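One structure below.
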Amino acid sequence: MHDLDSRLRHLRLTGMAEALPARNQEAIGNNLAHVDFLALLVEDELTRRRDRLFARRIKQARLPQLKTLQDFDWTFNPTIPKALILDLATTRFVREHAGVLLVGPPGVGKSHICMALALAAIEAGHTVLYRSAFDLAEDMSEAAATGTRKALVRQLGRVDLLCIDDLGMRTLPSSAAEDLLEVVTRRYEGGATMFTSNRPLEDWGTVLGDTAAAGALLDRFLHHAEIIKIQGKSYRMHDRQRQRSPGSLTSKAS
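Counting in full-length UniProt numbering, the sequence shown runs without a single skipped number right up to 254 at its last residue.
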């Protein structure tokens, strides 16, 4: 057994090696055929590799939180198009290299939905990168200063789903419009892109500080994009008021 364990690890079959003692006992106890015993070990190896790949893709995606649509409170803002968002969660739009724009005021759940769709894409086997619009702009500026801009643009072009969150929340560097235009152009019909924004499309020229670049960006992005306008009350304001209400734990603590 020890020699077999060592050889499996030498072949980098660590899933099989770690499952070997338990599977051996199972095979003895249930009088399994050799082929059935081997099939179980192979499945253990495949499961371990899937788990490791998933964990690696989660880390690469740089998601600030792991959100799911099961965690989302659909009843708070009943006008949110649940059926459409659940359809997006099938990740068909990623396979079709399409786009998604979630637009609406702060606090209505855009980022939660964005992160949940990103997680669904990872679970479906896609590569994902999540960045706020401000952080992405800073990434591009830093890459330009260090001579790695081409490599960063190439990386942004290769990922299956690029999520750009909170466009319009913070003032962007002067180069942001041209940087985002280049990224969207390189991804056009070759990768899926998702934006969230609290500003309507007609304001993007002002947000980016370049009307011409914003127009060219939107021309490409909107060609194959689903626009979801979300209105309603703020989840964050609701939670804050609930925490401050008489009888709440927060109120008692204060």
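Beta carbons are placed, not taken as given, at the ideal position from N, Cα and C, and that holds for glycine. Remember, predicted model here, so these are calculated numbers, not experimental data.
Notebook entry, point to check: Under 9 Å, do THR75 and LEU117 count as touching if we go by C-beta distance?
Noted result: no
Margin query: For THR171 and PRO200, I'd like the C-alpha separation in whole angstroms.
Written below: 16 Å
Note to self: Does ASP36 come out as helix, strand or coil in the three-state DSSP assignment?
What the structure shows: helix
Next item on the list: Inspect the beta-carbon positions of GLN231 and THR127 and report whether they are closer than 9 Å.
Entry: no
Check: Are the beta-carbon atoms of PHE221 and VAL184 separated by less than 9 Å?
Finding: yes
Check: Which whole runs of the alpha helix (DSSP H) in the region 65–103 are 4 residues long or more, in chain order?
Finding: 82–88, 92–95
Checklist line | ARG62: first and last residue of the uninterrupted alpha helix (DSSP H) it sits in | finding: Unbroken run through ARG62: none, as it is neither H nor E.
Note to self: Please identify the residue among ALA120, ALA212, GLY104 whose C-alpha is closest to the C-alpha of ASP87.
What the structure shows: ALA120
Check: When you compare each of VAL100, ALA27, ARG186 to ARG158 by their alpha carbons, which one comes out closest?
Finding: ARG186
Item checked: Beta bridge counterpart(s) of MET194 as assigned by DSSP -> VAL100, CYS163
Next item on the list: Determine which residues share a DSSP beta bridge with ILE228 and list them.
Entry: LEU102
Notebook entry, point to check: Can you find a heavy atom of the ligand NAD that lies under 8 Å from the Cβ of ARG220?
Noted result: Within the structure as shown, the ligand NAD is missing, as the structure has no ligands at all.
Next item on the list: Can you tell me which of the three DSSP states ARG131 falls into?
Entry: strand
Check: Under a three-way DSSP split, which group does LEU152 fall into?
Finding: helix
Checklist line | Stretch-stretch touch, CB-based, cutoff 8 Å, three pairs: the region 64–74 with the region 101–117 | finding: yes
Check: Out of curiosity, what's the CA-to-CA distance linking ARG95 and ALA83?
Finding: 19 Å
Note to self: Here's the rule: buried if 16 or more other CB atoms are within 10 angstroms of the residue's CB, otherwise exposed. What is VAL35?
What the structure shows: exposed
Item checked: VAL183: first and last residue of the uninterrupted alpha helix (DSSP H) it sits in -> 176–187
Checklist line | Which of helix, strand or coil DSSP assigns to ARG12 | finding: coil
Notebook entry, point to check: Just the Cα atoms here: how many angstroms apart are LEU4 and ALA17?
Noted result: 8 Å
Next item on the list: Pull up the CB-CB distance for LEU217 and LEU181, whole angstroms please, since I reckon it's below 8 Å.
Entry: 5 Å
Next item on the list: Assign ARG50 to buried or exposed, taking buried as 16 or more other Cβ atoms, counted over all protein chains shown, within 10 Å of its Cβ.
Entry: exposed
Next item on the list: Assign HIS223 to one of three DSSP states: helix, strand, or coil.
Entry: helix
Notebook entry, point to check: For HIS224 versus ALA98, is the C-beta distance shorter than 9 Å?
Noted result: yes
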